Amino acid sequence: MKKQDMNRDWIATARTLSQALPYLQRYEGATVVIKLGGHAMGSDEAMESFARDVVLMQQVGVKPVIVHGGGPMINKLLADLGIQSEFVNGKRVTDKATVEVVEMVLSGLVNKRIVQAINGQGGRAVGISGKDANLMICEQTNPDLGFVGTPVEMDPSIVQELGEENLIPVIAPVGAGRGGETYNVNGDTAAGAIAGALKADRLLLLTDVSGVKGADGEVLTSLNSQQIRKLTDEGVIAGGMIPKTETALDALAAGVRAVVILDGRAPNACLLELYTEHGAGSLIRDSAPRVTADS
1 MKKQDMNRDW
11 IATARTLSQA
21 LPYLQRYEGA
31 TVVIKLGGHA
41 MGSDEAMESF
51 ARDVVLMQQV
61 GVKPVIVHGG
71 GPMINKLLAD
81 LGIQSEFVNG
91 KRVTDKATVE
101 VVEMVLSGLV
111 NKRIVQAING
121 QGGRAVGISG
131 KDANLMICEQ
141 TNPDLGFVGT
151 PVEMDPSIVQ
161 ELGEENLIPV
171 IAPVGAGRGG
181 ETYNVNGDTA
191 AGAIAGALKA
201 DRLLLLTDVS
211 GVKGADGEVL
221 TSLNSQQIRK
231 LTDEGVIAGG
241 MIPKTETALD
251 ALAAGVRAVV
261 ILDGRAPNAC
271 LLELYTEHGA
281 GSLIRDSAPR
291 VTADS
């Protein structure tokens with residue numbers, strides 16, 4: 001009978017699993033909303049890895065809710081169809097033809113790709129949009145931008161019902177207006193509104209950066225609302241990070257326990273954040289210390 005040597009990697013894996021126990025217990029039954037975008041959607045390998053992590057999270061008791069973007073795919077189809085876009089102050093004007101393409105891509109191509117990836121890893125995912133069961137009622141954000149909406153009324157019951165059936169909701173950020181209009185909603189904004197409506201334990205914003213950086217360029221692992229506002233006033237938080245931190249503050253105000261801005265390009269980013277002591281990215285909540293197994 002051949003004797004099997006203990007491999008150091010195996011021992012390290014076992015130790016990691018053992019150390020994860022308090023975090024597994026901490027998040028059992030917790031609702032975690034994940035905004036998926038950027039690199040994690042850019043390749044089949046990244047999508048497969050993300051889907052595997054989501055299925056694992058559900059397997060150990062988390063209730064994951066996925067909200068996704070799809071800007072590059074929208075841009076590609078608009079170009080393929082020869083639909084020219086106008087821009088106001090750097091923001092795309094979403095006219096009637098454009099919003100039809102947006103809904104086609106987000107609720108169709110992108111949404112079902114994510115659903116299929118999760119199902120392929122043994123999960124049971126269902127794709128919906130903010131229009132389903134009046135999940136997300138919107139008002140026009142700015143008349144100059146056309147059919148771009150801001151969520152003003154949320155009914156998360158369909159998401160909760162899917163979770164009770166052990167189904168993983170995958171939500172396209174398309175909302176309905178009170179007059180039957182279709183609105184394109186920023187993916188981060190939609191994720192924050194959905195997380196707030198669910199009073200989620202965590203909102204994970206997967207991005208293409210490693211987190212919120214301080215004046216020295218280093219990632220700030222823990223922040224509170226007051227620090228976010230101060231860094232924004234000082235110009236340290238700037239550019240594309242401003243809407244993400246604003247989403248975080250709005251989500252906290254709506255009842256989300258904590259928001260994490262993290263690099264979706266990192267392997268197993270969501271698992272690192274939830275199930276390790278050091279976490280991943282920048283944790284934002286109303287008290288500053290980094291999350292522990294009891295917080």
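If you read the sequence shown in full-length UniProt numbering, its first letter stands for residue 1, the second for the next number, and so on.
Here a beta-carbon is modelled for each residue, glycine too, at the ideal position from N, C-alpha and C.
Since we're looking at a predicted model, the values are computed, not measured.
Give me the Cα-Cα distance between P22 and E277, rounded to the nearest whole angstrom.
Here the question's residue 22 lines up with position 22 in the sequence shown. Here the question's residue 277 lines up with position 277 in the sequence shown. Cα to Cα, P22 sits roughly 10 Å from E277.
Best match in Y27, Q140, V219 for proximity to E153 [C-alpha to C-alpha]:
The residue you call residue 153 lines up with position 153 of the sequence shown. With distances taken between Cα atoms, E153 lies closest to Q140.
Could you have a look at L205 and say whether DSSP puts it in helix, strand or coil?
Translated into the one-based positions of the sequence shown, residue 205 becomes position 205. Three-state DSSP puts L205 in a strand.
By Cβ distance below 8 Å, which residues in the same chain neighbour E234 in space, the five residues on each side in sequence not counted?
Walking along the sequence shown from the start, residue 234 turns up at place 234. Closer than 8 Å at the Cβ level, and outside the excluded window around E234, lie A215.
So, are the CB atoms of L36 and I114 less than 8 Å apart?
Within the sequence shown, the letter at position 36 stands for residue 36. Within the sequence shown, the letter at position 114 stands for residue 114. Yes, the Cβ-Cβ distance between L36 and I114 is below 8 Å.
Near V101, which residues of its chain fall below 8 Å by C-beta distance, leaving aside the five closest residues on each side in sequence?
Along the sequence shown, read from residue 1 onward, the residue named residue 101 stands at position 101. Correct list, in chain order: I74, L77, L78, L81, I83.
Where do the N-terminal and C-terminal ends of the alpha helix (DSSP H) with V262 fall, by residue?
Translated into positions along the sequence shown, residue 262 becomes position 262. A quick correction: the sequence has Leu, not Val, at residue 262. L262 -> not in any alpha helix (DSSP H); beta strand (DSSP E) instead, spanning 258–263.
Considering only the alpha carbon of each residue, which of A280, R257, L56, A253 lies closest to V265?
Within the sequence shown, numbered from 1, the residue matching residue 265 stands at position 265. For clarity, residue 265 is Arg in the given sequence; the question names Val instead. Residue A280 is the option with its Cα nearest to R265.
Could you name the residues of the same chain whose beta carbon sits closer than 7 Å to that of G175, not counting the 5 residues immediately before and after it, in chain order?
On the sequence shown, residue 175 is found 175 positions in, with the first residue counted as 1. Contacts found: G130, K131, M136, I137, C138, G149, P151, Y183, V185.
Is G179 near the ligand MG - that is, is its Cβ less than 7 Å away from at least one heavy atom of it?
Among the components modelled here there is no ligand, and therefore nothing to report on the ligand MG.
So, helix, strand or coil for residue 296, using DSSP?
Within the shown structure, residues of the chain are numbered from 1 to 295, placing residue 296 beyond reach of any answer.
Out of T232, E45, G177, D208, point me to the one whose CA is closest to L262's CA.
Position 262 of the sequence shown, counted from the first residue, corresponds to residue 262. Of the candidates T232, E45, G177, D208, the one whose C-alpha sits nearest the C-alpha of L262 is D208.
With distances taken Cα to Cα, identify the nearest neighbour of V62 among G163, Q226, A133, V99.
As a working note, residue 62 is residue 62 in the sequence shown. Nearest option by C-alpha distance: G163.
Checking 8 Å against the spacing of the C-beta atoms, do A200 and V60 come in under that value?
Locating residue 200 in the sequence shown gives position 200, where the first residue counts as 1. Locating residue 60 in the sequence shown gives position 60, where the first residue counts as 1. Cβ distance not < 8 Å, so A200 and V60 don't count as in contact.
Compute the beta-carbon to beta-carbon distance between I228 and I168, rounded to the nearest angstrom, for a pair I have assumed lies under 8 Å.
Numbered from its first residue, the sequence shown carries residue 228 at position 228. Numbered from its first residue, the sequence shown carries residue 168 at position 168. Between the beta-carbon of I228 and that of I168 there is about 30 Å, and that puts the pair past the 8 Å contact cut.
Leaving aside the five residues before and after P156 along the sequence, list all residues of the same chain whose C-beta is less than 8 Å from its C-beta, in chain order.
The residue you call residue 156 lines up with position 156 of the sequence shown. So the list reads L135, I194, A197, L198, once near-sequence residues are dropped.
State the DSSP-derived secondary structure class of L167, mapped to helix, strand or coil.
Counting from 1 along the sequence shown, the entry for residue 167 is found at position 167. The answer is coil: DSSP assigns L167 none of H, G, I, E or B.
C-alpha distance - I284 paired with S222, whole-angstrom precision
Walking along the sequence shown from the start, residue 284 turns up at place 284. Walking along the sequence shown from the start, residue 222 turns up at place 222. Cα to Cα, the separation comes out at about 6 Å.
Assigned secondary structure, T150 (DSSP; H/G/I helix, E/B strand, else coil):
Numbered from 1 along the sequence shown, position 150 holds the residue referred to as residue 150. Note: T150 maps to strand in three-state DSSP.
Report buried or exposed for P143, applying the criterion of at least 16 other Cβ atoms within 10 angstroms of its Cβ.
Taking the sequence shown and counting its residues from 1, the one referred to as residue 143 is at position 143. P143 comes out exposed.
Classify K230: buried if its beta carbon has 16 or more other beta carbons within 10 angstroms, exposed otherwise.
Within the sequence shown, numbered from 1, the residue matching residue 230 stands at position 230. It counts as exposed.
Enumerate, from N- to C-terminal direction, the unbroken alpha helix (DSSP H) stretches of 4 or more residues contained entirely within the stretch 173–255.
187–198, 225–233, 241–253, all fully within the stretch 173–255.
Option in T232, A238, V236, V219 with minimal Cα separation from V260:
Sequence index remark: in the sequence shown, residue 260 carries index 260 (1-based). Residue V219 is the option with its Cα nearest to V260.
What residue from G146, M104, R124, N166 has the CA that sits closest to P173's CA?
The residue given as residue 173 occupies position 173 in the sequence shown. The residue with the shortest Cα to Cα distance from P173 is M104.
What is the DSSP secondary structure of S157, reduced to helix, strand or coil?
On the sequence shown, residue 157 is found 157 positions in, with the first residue counted as 1. The answer is helix: DSSP assigns S157 an H, G or I state.
For residue 316, count neighbouring Cβ atoms within 10 angstroms of its own Cβ and tell me buried if that reaches 16, exposed if not.
Examination of residue 316 is not possible in this model, given that the chain is present from 1 through 295 alone.
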